Amino acid sequence: MKTVRIIAWVLVVLLAGTVTYAWLNQGKQGIQQLAGAGVGGPFTLSRTDGTPFTEKDLAGKPYAMFFGFTNCPEVCPTTLYEASGWLEQLGDDADKIGIYFVTVDPERDTPELIANYVSSFDKRIVGLTGTPEQIEAIKKEYRVFSQKVDLEDGDYTIDHTASIYLMRGDGSFAGTIAWGEDGEIALKKIRNLISKG
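Offset between the sequence shown (1-based) and this note's numbering: plus 84.
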């Protein structure tokens, strides 16, 4: 009798655990789907040479988009350095993905400054800029946060979203690479994005 009771309790605990796991996993998937809903969309920016650049220029090829600024002390240079390393590790597959750096500081980041900045990492990283209104519009499309923070010396810095947005060739949201994410995991995400287009 005691053994039957123990087995019954073990089954109850296992069933409760299974139901809880399924419920939590379903919740995570829902959150991920919600987080990706509506990321990306139409925009108009400029390359550093002044030529127009829109979402139509991205069609058909997966891409990674990062929002930052050239005076960024740590997050931006580290992220672009890591992205350069990923491109190197991809070898010939590097041509199958686009990597874009969009300034969130159009007041300070001139096209020339952005061109010099991105070229110090990898020539395949494309710098993009626009008017303050155009930058606000693309930030809204990609759900990017950025806010100017005044410093005591009269200068300013910018707090901003530090993730890289991974987008499919059809413009749909595929996921992110978080700031500080393990390089091998990030590279695996990029390879997966390339393989699925």
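Where a beta carbon is used, it is the ideal one built from N, C-alpha and C, also for glycine.
None of these values were measured; they are calculated from a predicted model.
Item: DSSP beta-bridge partners of A148; Value: I183 and L250
Item: Terminal residues of the alpha helix (DSSP H) in which S230 lies; Value: Counting along the chain, S230 falls outside any alpha helix (DSSP H), though it belongs to the beta strand (DSSP E) covering S230 to D234.
Item: Integer Cβ distance of S230 from I242, believed to fall under 8 Å; Value: 5 Å
Item: Exposure label - D176; buried when at least 16 CB within 10 Å; Value: exposed
Item: Pairwise C-alpha distance: V159 and Q117; Value: Interpretation of Q117 is limited by its pLDDT of 45, a score under 50 that renders its predicted location unreliable; the figure taken from the coordinates is listed afterwards. For Q117 and V159, the distance between alpha carbons rounds to 26 Å.
Item: Inter-stretch contact at 8 Å, needing at least 3 Cβ pairs: the segment 127 to 135 / the segment 145 to 156; Value: no
Item: Closest by C-alpha distance to G253, when choosing among T213, K180 and A270; Value: K180
Item: Given 8 Å, three or more beta-carbon pairs between the segment 204 to 214 and the segment 163 to 171; Value: yes
Item: Cβ distance (whole Å) where G169 is taken to contact V210 below 8 Å; Value: About 17 Å; that fails the 8 Å criterion.
Item: Residue span of the alpha helix (DSSP H) that contains P136, given as start and end; Value: That residue, P136, is in no alpha helix (DSSP H); its beta strand (DSSP E) goes P136 to T138.
Item: Contact check, L82 vs T260, beta carbons under 8 Å; Value: The displayed coordinates of the chain run from 85 to 281. Any statement about residue 82 would go beyond what the structure contains.
Item: Boundaries (first-last residue) of the alpha helix (DSSP H) holding S168; Value: V159 to L174
Item: Among G267, K280, G281 and S279, the one whose alpha carbon lies nearest that of E172; Value: G267
Item: Through-space distance from T194 to L235, alpha-carbon basis; Value: 21 Å
Item: K223 versus S279 - alpha carbon distance; Value: 27 Å
Item: Close Cβ partners of G152 (< 6 Å) along its chain, the five nearest in sequence each way excluded; Value: C160
Item: Environment of P190 [buried if 16+ CB atoms lie within 10 Å]; Value: buried
Item: Contact belief for T154 with Y201 at Cβ below 8 Å, rounded distance in angstroms; Value: 4 Å
Item: Contact belief for L197 with S130 at Cβ below 8 Å, rounded distance in angstroms; Value: Going by Cβ atoms, the distance from L197 to S130 rounds to 13 Å, so no, they are not a contact pair.
Item: Residues that DSSP places opposite V210 in a beta bridge; Value: Y184
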